[in-house]
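In terms of the working numbering, the sequence shown is residues 22 to 264. Ideal Cβ placement from N, Cα and C applies to all residues, glycine included. This one's a predicted model, so the numbers in the text were calculated from it and none came from an experiment.
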Amino acid sequence: MSIQTPLLRAANLTCRFGGLVAVSDLSFELNRGEILGLIGPNGAGKSTTFNLISGFYKPTSGEVFIDGVNVTGKPAEKICVHGLARTFQHSSLMRGMTVRDNVLIGAIGSLRRGSHKARMVRTEETAEMLGLSDYLDEEAGTLPHGIQRLVSIAIAFATRPRLLCLDEPLTGLNQTEVINTLKVFERIRTEHGASILLVEHNMKAVMQICDRIVVLHHGKKLATGSPLDVRRDEKVIAAYLGT
Ligand code: ADP
Ligand code: MG
22 MSIQTPLLRA ANLTCRFGGL VAVSDLSFEL NRGEILGLIG PNGAGKSTTF
72 NLISGFYKPT SGEVFIDGVN VTGKPAEKIC VHGLARTFQH SSLMRGMTVR
122 DNVLIGAIGS LRRGSHKARM VRTEETAEML GLSDYLDEEA GTLPHGIQRL
172 VSIAIAFATR PRLLCLDEPL TGLNQTEVIN TLKVFERIRT EHGASILLVE
222 HNMKAVMQIC DRIVVLHHGK KLATGSPLDV RRDEKVIAAY LGT
């Protein structure tokens, strides 16, 4: 695909649950190397959008393109092959397993034909990237909340995605953990060339790290633009930022 093709394109996505329209005619693009924020009030449709683009839900209508390839309706494991990995709003790690074995799940997923050694190397490189090397042999469920959030990101990043979709990764983190995690996001972009789609309520962090932001409200795109544009947008202030 050409350099101009966006890495992700959501085209007129709609998702209905019975009478409820969770996402309504939503279109946006994410370019290579971009960190794109997806923000909005609770219930705006952010997690549903993640589920639509990562293949966990099928849209009622509309399409999803990854690097120009139409992946609409493909199951999550197929979409993963196109280089998309995601975390969940509510932690999805295996609490009874070690950090190493958790991260290994991601490594195995993307190195299906790789050797055990290759998978272990990938696991250790991923842990290093996320600052988790000291925790590899700890049982994941016993670790502090902030570390568990990082383990969830590590599982996704172990697949070495082109696009990493993070659903509220900073929730419950203290300020030091937030700063460290934002540094990790920057490294994921600069050292691995990955793009990030970030759903997050921590507006200071969003404004600091995102290149562009899409604002959702009642499932619809309310605004899109640079952090500065969005922060000054009267509609956004009324619907979300002013509250
Ligand atoms: P956000 O992540 O922005 O807080 P969600 O995408 O989780 O919002 O939810 C958007 C709307 O869709 C909410 O009204 C929510 O209750 C509804 N919803 C989300 N998932 C489902 C589902 N699986 N079944 C029915 N309704 C759902
Ligand atoms: Mg959500």
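In the structure shown, VAL90 adopts extended strand secondary structure according to DSSP, grouped into three states.
Of ILE74, ASN201, GLY135, the smallest CA-CA separation from ALA31 is found for ILE74. Secondary structure at CYS186: strand, using DSSP grouped into helix, strand and coil. When rounded, the separation of the alpha-carbon atoms in LEU125 and ASP188 is 21 Å. Take the alpha-carbon of SER82 and the one of ALA260: they are about 26 Å apart. When DSSP states are grouped into helix, strand and coil, SER131 belongs to the helix group. With a cut-off of 7 Å, the C-beta of PHE38 is classified as near the ligand ADP, since at least one heavy atom of the ligand falls inside that distance. Counting only the Cα atoms, ASP232 lies some 15 Å from PRO27. Assignment of LEU219 by DSSP, reduced to helix, strand and coil, places it in the strand class. Judged by the Cβ position, ASN223 fails to qualify as a neighbour of the ligand ADP at the 7 Å threshold, every heavy atom of the ligand being at least this far.
Taking C-beta separations shorter than 8 Å and ignoring five residues to either side along the sequence, the partners of ARG208 in its chain run MET150, following chain order. Near the ligand ADP, meaning a Cβ closer than 6 Å to any of its heavy atoms, lie the following residues in chain order: PHE38, LEU41, ALA43, GLY61, ASN63, GLY64, ALA65, GLY66, LYS67, SER68, THR69. Excluding its 5 nearest sequence neighbours in each direction, PRO80 has C-beta neighbours in its own chain below 7 Å: LEU34, THR35, CYS36, LEU73, THR93, listed in chain order. In the three-state reduction of the DSSP assignment, ASP250 falls in the helix class, which pools H, G and I. Taking 8 Å as the upper bound for CB-CB distance, ARG181 and SER216 are not in contact here, some 13 Å apart. Closer than 7 Å to some heavy atom of the ligand MG: that describes the Cβ of GLN110. The continuous stretches of alpha helix (DSSP H) do not include ARG233, which lies in the beta strand (DSSP E) extending over residues 233-238.
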